[in-house]
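Student:
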Amino acid sequence: MLQIRAFAELVPEINQGAEIHPACFVTPEDTKDVATTIKILTSASVPFTVKSGGHTAFDGRSNIAHGVTIDLVRLNQITLSDDRQTISVGPGNRWDNISETLDPLSLADVSGRVSDVGIGGLILGGGISYFSGRYG
1 MLQIRAFAEL
11 VPEINQGAEI
21 HPACFVTPED
31 TKDVATTIKI
41 LTSASVPFTV
51 KSGGHTAFDG
61 RSNIAHGVTI
71 DLVRLNQITL
81 SDDRQTISVG
91 PGNRWDNISE
101 TLDPLSLADV
111 SGRVSDVGIG
121 GLILGGGISY
131 FSGRYG
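Here full-length UniProt numbering is used: the first residue of the sequence shown is 1, the next is one more, and so on.
What follows is the structure in structure tokens.
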């Protein structure tokens with residue numbers, strides 16, 4: 001039998017992290033800010049988590065209840081090497097930011113298949129690229 005349920009009722013099943021509320025968010029501007037934040041939080045035994053793109057819906061990934069979420073969204077630099085063979089990217093980027101930078105240059109990246117995934121999650125989570133078979 002067809003069952004109809006309200007979206008709000010399904011959110012905890014679809015995205016277990018949606019109902020998690022941190023005490024606050026910290027959005028560092030650079031790696032020194034990240035290091036300082038982590039030193040302060042660990043010295044005070046404050047629970048924290050780090051959010052790159054926030055795509056992962058599993059409980060406890062990119063959000064934390066009653067702790068601090070360090071959101072890397074402002075660490076979003078994209079630098080192309082002089083020989084145009086390598087890019088250096090900040091962990092606050094999502095793959096669509098990188099594609100938008102490289103596409104006009106007729107360049108591609110070995111990124112995930114979903115463009116709104118963050119850099120950190122894909123790299124740490126073992127995401128798959130259209131180029132994985134060729135480039136790893």
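Glycine included, each C-beta is placed from N, C-alpha and C at the ideal position.
(1) With a cut-off of 8 Å on the beta carbons, I'd call Leu72 and Lys39 a contact; round off their distance for me.
(2) Have a look at Asp103 and Pro28 and give me their C-alpha separation to the nearest angstrom.
(3) Going along the chain, which unbroken runs of the beta strand (DSSP E) with 3 or more residues stay wholly within the UniProt domain "FAD-binding PCMH-type" (18-136)?
(4) Taking the straight line between their C-alpha atoms, what separation do you get for Gln77 and Ala44?
(5) Return yes when the Cβ of Thr69 is within less than 9 Å of the Cβ of Phe48, no when it is not.
Tutor: In short, the structure shows the following:
(1) Position 72 of the sequence shown, counted from the first residue, corresponds to residue 72. Position 39 of the sequence shown, counted from the first residue, corresponds to residue 39. Not quite, the Cβ-Cβ distance comes to about 17 Å (not below 8 Å), so this is no contact.
(2) In the sequence shown, residue 103 corresponds to position 103, counting from 1. In the sequence shown, residue 28 corresponds to position 28, counting from 1. Going from the Cα of Asp103 to the Cα of Pro28 covers about 28 Å.
(3) 24-26, 48-51, 68-71, 78-80, 87-89
(4) Within the sequence shown, residue 77 is the residue found at index 77, counting from 1. Within the sequence shown, residue 44 is the residue found at index 44, counting from 1. Cα-Cα distance, rounded: 30 Å.
(5) Reading the sequence shown from its first residue, position 48 is the one you call residue 48. Reading the sequence shown from its first residue, position 69 is the one you call residue 69. Going by C-beta atoms, Phe48 is nearer than 9 Å to Thr69.
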